[in-house]
Amino acid sequence: MKVVQELETRMHPDSVAGFRLVLAEARVTDSILLPVRPMERMVAPVQWMLRRVGAHGIRLTRAGYLPPAVVVDAAGAIDWGWPVRAGRESHLLPLLELRAHLCAVGLLRVSKGMLLQTSRGRALVDAPRELWWHLARTVHQSRDQAETDATKLLLVLIARRGFDEGELFKQLLALSLETVGWVRADGAPLTDDAAFDLVLPKWRLLRRMGVFDVGASSHTRWIITPGGAAFARAALQSEV
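Take the sequence shown: its letters are residues 57 to 296, numbered as in the working numbering.
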């Protein structure tokens, strides 16, 4: 079953027609014809991380973090869009989140205090097109079902590419989550900020990958790139 079909099975019946209209506007069934060059740009941060881990791995600190030398290397190699200068992984949240995500989607693993490439990570590190597809197919994965659903719905809005107001993204995300049954503990609808909090780590990941035009975007305007829309469609076409 495709991602979007699975969402529809849990949606309030009154919302299905509107959801299908949004899917049509998002062109989620279009073939993915993105050239390899933008794919290479999008996966560059992930390739950097996989290559930095390398064949021999990285010894983590006793607290389980990347050593400061690796964090400094990462800060010099990639613009993380982080407001503070960081020499520790715990102070560079996007790097910490990227490492956690790559472990979650089977590209890295931790064993006996070492951060290591998986066999899949080794196979994909120098294959940008295949790496791009792997990241698209797995981007919505999470141990938290609310985060998984919120990420899927965010991808629908990204694929639709009809607006760029950050607050409107948050508002529509909150409304969409309500249609699949997510509300607050007291039964009240999720606030816009609470809905966005569910996807914030994935939003940072997508932003670093170039789903949003970092040069033109801000925290109030999220300019979706053609590659970003293609990535969202590829993710929504994947099987659950």
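For every residue, glycine included, the Cβ atom is placed at its ideal position computed from N, Cα and C. Please read these numbers as outputs of a predicted model, since none were measured by experiment.
Limits of the unbroken alpha helix (DSSP H) element including residue i
i	result
V59	59-65
L152	149-160
V84	From DSSP, V84 is part of no alpha helix (DSSP H); its letter is neither H nor E.
L122	Note, L122: premise wrong, no alpha helix (DSSP H); not H, not E.
A111	Premise fails: A111 is in no alpha helix (DSSP H) and is neither H nor E.
A288	282-293
Nonlocal neighbours in the same chain, by C-beta distance under 8 Å from residue i, ignoring five residues either side
i	result
R144	Y121, P124, V127
I88	A286, R289, A290, Q293
R97	G266, G283
R176	G162, L163, H190
R155	M105, L122, E145, L164, L171
R277	D220, E221, G222
T174	G162, L163, L164, R165
A272	I279
D86	R289
For residue i, the first and last residue of its enclosing beta strand (DSSP E)
i	result
R165	164-167
L171	170-173
Integer-rounded CB distance, given that residue j should sit under 8 Å from residue i
i	j	result
R185	V92	5 Å
A202	L254	6 Å
D249	Q227	10 Å between Cβ atoms; not a contact.
V181	L106	4 Å
H190	L211	H190 to L211, Cβ: 16 Å. No contact.
A130	L151	5 Å
Rounded straight-line distance, which links the Cα of residue j to that of residue i
i	j	result
R263	D70	33 Å
H147	P139	10 Å
M95	L172	24 Å
V78	A215	10 Å
R193	A119	31 Å
R289	E81	12 Å
S294	A230	23 Å
A286	G222	20 Å
A100	W188	10 Å
T117	S274	34 Å
A160	V270	25 Å
A244	R199	24 Å
R217	F268	11 Å
V72	E62	12 Å
V166	K58	31 Å
V84	R76	10 Å
I280	L224	14 Å
D242	W136	37 Å
G110	W259	27 Å
G113	R240	42 Å
K168	R108	18 Å
A183	R141	32 Å
Neighbourhood of residue i by C-beta, 7 Å cutoff - its chain only, sequence neighbours within 5 removed
i	result
G237	R66
L233	D205, A206, L209, L246, A251
L90	G283, A286
L158	V102, M105, L164
E64	V72, F75
E153	P257, R260, L261
Beta-carbon contacts of residue i that lie in its chain and below 6 Å, excluding the five residues immediately before and after
i	result
A179	none
H68	T235
V296	M57, V59, E62
What are the start and end residues of each continuous alpha helix (DSSP H) run of 4 or more residues lying completely inside the stretch 189-272, in chain order? Within the stretch 189-272, the complete alpha helix (DSSP H) runs of at least 4 residues are 201-216, 222-235, 248-265.
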